[in-house]
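Residue 156 is where the sequence shown starts when you use the working numbering, and the numbers rise one by one after that.
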Amino acid sequence: MSESTFFMNRMSKAERFQFIKESQMFGAMNIPDLKSTLLGVFEKLDDKQQVSIIKEYHYPEFADKTIELYAKSKSGEEADWLGVSIIVPMVEHFSAKQVREILNTVKKNIFVQCTQGTPQILATVFDSLNPDIIQKTKPDWLDVIDKLSKKHYPTDEYSYSDLWVKVSQRQAYQPI
156 MSESTFFMNR MSKAERFQFI KESQMFGAMN IPDLKSTLLG VFEKLDDKQQ
206 VSIIKEYHYP EFADKTIELY AKSKSGEEAD WLGVSIIVPM VEHFSAKQVR
256 EILNTVKKNI FVQCTQGTPQ ILATVFDSLN PDIIQKTKPD WLDVIDKLSK
306 KHYPTDEYSY SDLWVKVSQR QAYQPI
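What follows is the structure, given as structure tokens:
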């Protein structure tokens, strides 16, 4: 056992996480020899700790976990916070499949669906997507907005009417 492993094993879980944060070790994710080790460390962290890391480091390797954490939202407040803190900053790394997973989360998780922040979070995600992803997911956007709009009056604070207009008016990407 190496000296550093011995040292880390003697720390409490909270002390280890504090050490990880203070040392900014996830800043080294772009070093190929360290990536798999750091991903292993990341997977051993609890949900709150993973959120903390994702908030600070927006790596494509965290995209699936970001969506998984968002899908676990247990309150509207948590859904809003996770949407703003980790979903929006990670948009550039989401594939069309992952965007569909986010939209399915909105349809399935009542806390995500009915919170005041979700329409704005979705609008920000939509506006930040590259045109190719929009083209591939536009029917999914229209479907989720249509289903959710039927549950709310247009004047509801968590109405999706503005987002529907935005999505429906966006032209499909036309390559030059």
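Glycine residues also receive a C-beta, built at the ideal position from the N, C-alpha and C atoms.
Check	Outcome
Continuous alpha helix (DSSP H) stretch holding Glu256: start and end	Ala251 to Lys263
The region 181-193 touching the region 225-234, judged by at least three CB pairs closer than 8 Å	no
Burial state of Asp235 (16 or more Cβ within 10 Å)	buried
Per-residue DSSP class, three states only, for Arg171	helix
Chain-order list of residues whose beta-carbon lies under 8 Å from that of Leu237 (same chain, five-residue window excluded)	Val206, Leu224, Tyr225 and Ser228
Backbone secondary structure at Lys302 - three-state DSSP	helix
Residue from Leu318, Pro244, Asp295 and Phe217 with nearest C-alpha to Phe273	In the sequence as displayed, the identity of residue 273 is Thr instead of Phe. Closest option to Thr273, Cα to Cα, is Leu318.
Distance CB(Val280)-CB(Ile300) smaller than 9 Å	no
Alpha-carbon spacing of Ala278 relative to Met245, whole angstroms	14 Å
Local conformation of Tyr225 per DSSP, three classes	helix
Gln205: first and last residue of the uninterrupted alpha helix (DSSP H) it sits in	Asp202 to Glu211
Beta carbon of Phe384 nearer than 9 Å to that of Glu233	An answer regarding residue 384 cannot be provided, because it is not within the stretch 156 to 331 covered by the chain.
Reduced DSSP category for Gln275 - H, G, I as helix; E, B as strand; rest coil	helix
Secondary structure of Met245, DSSP reduced to three states	helix
Rounded straight-line distance, which links the Cα of Thr292 to that of Thr221	19 Å
Simplified DSSP state of Gln179, which is helix, strand or coil	coil
Span separating the alpha-carbon of Arg255 from that of Asp188	32 Å
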